[in-house]
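Quick notes on the structure that follows.
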Amino acid sequence: MKTENQNKEEKGTAGEPMSLSKERKLTRKHEIARQKRNAVIGRVVSIVIIAALCVGIVSFAGYRIYRAVTGVRASSDYSAMLDDNGFIEGVTASSYVTLPDYTNLTIPADEVAYTDEDLEEDIQTMVESYAAESTTTTKAIEDGDTVNIDYVGTIDGVEFEGGSTDGNGYDLVIGSGTMIGTFEEQLIGHHVGDEVIIQATFPDDYSSNPLLAGENAAFKVTVNSIYIAPEFDDTFVEEYLSDYASTAEEYREYLRETNYNNNLMDWIEAYLDENTTVVSYPEEYVDHMASIQKYEDESAYEYMNNLYQSYYGTLAYRSFSDYVGMSEAAYDRALPVEVQDRVKEALIYQAVLEQEGVTVTEDETIAYLEENGSTREDYDTDVETFGKGYMLQQMVHVRAIELIQDYATVE
0 MKTENQNKEE KGTAGEPMSL SKERKLTRKH EIARQKRNAV IGRVVSIVII AALCVGIVSF
60 AGYRIYRAVT GVRASSDYSA MLDDNGFIEG VTASSYVTLP DYTNLTIPAD EVAYTDEDLE
120 EDIQTMVESY AAESTTTTKA IEDGDTVNID YVGTIDGVEF EGGSTDGNGY DLVIGSGTMI
180 GTFEEQLIGH HVGDEVIIQA TFPDDYSSNP LLAGENAAFK VTVNSIYIAP EFDDTFVEEY
240 LSDYASTAEE YREYLRETNY NNNLMDWIEA YLDENTTVVS YPEEYVDHMA SIQKYEDESA
300 YEYMNNLYQS YYGTLAYRSF SDYVGMSEAA YDRALPVEVQ DRVKEALIYQ AVLEQEGVTV
360 TEDETIAYLE ENGSTREDYD TDVETFGKGY MLQQMVHVRA IELIQDYATV E
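Numbering-wise (numbering that gives the first Met the number 0), the sequence shown opens with residue 0 and increments by one.
Okay, structure coming up:
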């Protein structure tokens, strides 16, 4: 709504019409006023925008500072915070955990036994890993055998896409369920060089190629070879296992002793874990282990992406957050809790040695590794990677278990 004075100005004095020059002056006056208003509004808007940008910049910078302070920084320095005897630097483990009475342990014999059946099963698995391809054997195919075959599949006499090996050969474990229907079972009893017509039906829910779902197919199969496992005898041991034994019986004894001791170690480890109470966790060491865990997870993420890139030309995961299934901030917040089991384990075995008044040495560690198939060069390489403290911390674990084994009774 216009004021009275504005009306008078527009009409002139005493209501007379304005001259052209006076009208132009008035129009210019209004234009200048409008520009001033717009300039003021523009300055206000600019100030608001600049303020908002500043708030955004400060917020982003603040978030980055916050993440730098609260985020977990990955570290590959495994021996940081470890003394040269494998103990956690500045930490008395016995102050953080309450151990059970491990000096009067009775271990049930049946829970740590390594039976003859276990022994023969392990030997069979091992010799099968040395199986060699044979094209001359007269052996008939049995369930569990690995064979190399070629095949051409047809439906109503017409070859279908993906139904042929194209003469490239295919290794198949009989009984693995890799092939459709009873394909594998129909090969049992046949020999190298046989050509077999196999009838098989695609499943109704065959997702690999829905066009084939429920179809009856015929496969012309040629058996190229069978993988034959060697006999486990003295010759085999001499050729492949001479670092552990010189005869088959000596190797059997090696397996019995090694696996029995492993079973004992597993039992004692589980007992200590289940019966030890953590009073509190050393915060700095927890933070250190969180950094180690993040390094390991990032390494696994990069390895998987590199592997997929080399094989498939694509990435396995779009980002580290995709790999861990959460934002990096949420992952960092979860890490201190996630690594508590690792921290607890380190505290347990250090506490045992503290109670026993025992420490481990580098010479003792090297001797143990050499007794178990490693070399001094292997140790030196591991020290370059993980550091001396970390290597001796592994020996702290071993020595603590050995001490408890000496106290224990198996019956």
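Cβ coordinates follow ideal geometry from the N, Cα and C atoms, glycine included.
The structure displayed is predicted, hence computed values, not measured ones.
Buried or exposed by the 16-neighbour rule on C-beta atoms within 10 Å, applied to K387: Counting other Cβ atoms within 10 Å of its Cβ, K387 reaches 16 or more and is therefore classed as buried.
Proximal residues to A407 (C-beta, below 6 Å), its chain only, five neighbours per side dropped: Cβ within range, chain order: L104 and I106.
Extent of the continuous beta strand (DSSP E) to which K387 belongs: Note, K387: premise wrong, no beta strand (DSSP E); alpha helix (DSSP H) at K387 to Y406.
With 16 other Cβ atoms within 10 Å as the buried cut-off, status of A51: Any reading at A51 is ruled out, since the residue's pLDDT is 43, under 50, leaving its predicted position unreliable.
Rounded distance between the beta-carbons of G152 and F159, thought under 8 Å: Contact holds; Cβ gap of about 6 Å.
CB-CB length for G156 against D242, believed under 8 Å: Wrong, their Cβ atoms sit about 57 Å apart, outside the cutoff.
Boundaries of the beta strand (DSSP E) in which I197 is found, first to last residue: Segment E194 to T200, the beta strand (DSSP E) holding I197.
Residue span of the beta strand (DSSP E) that contains F218, given as start and end: Looking at the DSSP string, the run of the beta strand (DSSP E) that includes F218 is N215 to I227.
Coil, strand or helix - T181 by DSSP: Secondary structure of T181 (DSSP, three-state): coil.
Touch test, the region 305-321 against the region 95-102, Cβ-Cβ under 8 Å, three pairs minimum: Touching, no, given that fewer than three Cβ pairs across the two stretches are closer than 8 Å.
Beta-carbon proximity of T136 to I225, cut-off 8 Å: Result yes, Cβ atoms of T136 and I225 sit closer than 8 Å.
Other residues of its chain near D170: CB distance less than 7 Å, five sequence neighbours each side excluded: T145 and N147.
CB contact flag (D233, T221, <8 Å): No, Cβ-Cβ distance for D233 and T221 is not below 8 Å.
Backbone CA spacing between V57 and Y270 [nearest angstrom]: Residue confidence is low: V57 scores 41 on pLDDT, short of 50, so the model does not pin down where it sits. Its coordinate-derived value is still stated next. In a straight line, the C-alpha of V57 is about 53 Å away from that of Y270.
CB of I196 within 8 Å of CB of L186, strictly: Taking 8 Å as the Cβ cut-off, I196 and L186 do not qualify as a contacting pair.
8 Å contact criterion, which P281 and Y95 should meet: CB distance rounded: Their Cβ separation, rounded to whole angstroms, is 6 Å, which keeps P281 and Y95 in contact under 8 Å.
Proximity below 8 Å, CB of E353 to CB of L402: In this structure, L402 does not lie closer than 8 Å to E353 by Cβ.
Where I267 sits in the DSSP three-state scheme: Helix at I267.
Distance CB(M390)-CB(T364) smaller than 8 Å: Yes. Within cutoff.
Among V342, G312, Y307 and D265, the one whose alpha carbon lies nearest that of T276: The alpha carbon of T276 has as its nearest neighbour, out of V342, G312, Y307 and D265, the alpha carbon of V342.
Length of the line joining the Cα atoms of M288 and A228: C-alpha separation (whole angstroms): 45 Å.
When S93, A399, E120 and G85 are compared against N258, the one with the closest alpha-carbon: That would be E120, whose Cα lies nearest to the Cα of N258.
Same chain, Cβ closer than 7 Å to E110, neighbours up to 5 away in sequence not counted: Once the five neighbours on either side are set aside, the close Cβ partners of E110 are W266.
Test: Y378 CB closer than 8 Å to a CB of chain B: Absent here is chain B; the protein component of the structure consists of one chain.
N84 versus A350: straight-line alpha-carbon distance, rounded: Looking at the two C-alpha atoms, the distance is approximately 13 Å.
Closest Cα partner of N260 within the set V90, A73 and Y113: Minimum Cα distance to N260 is reached at Y113.
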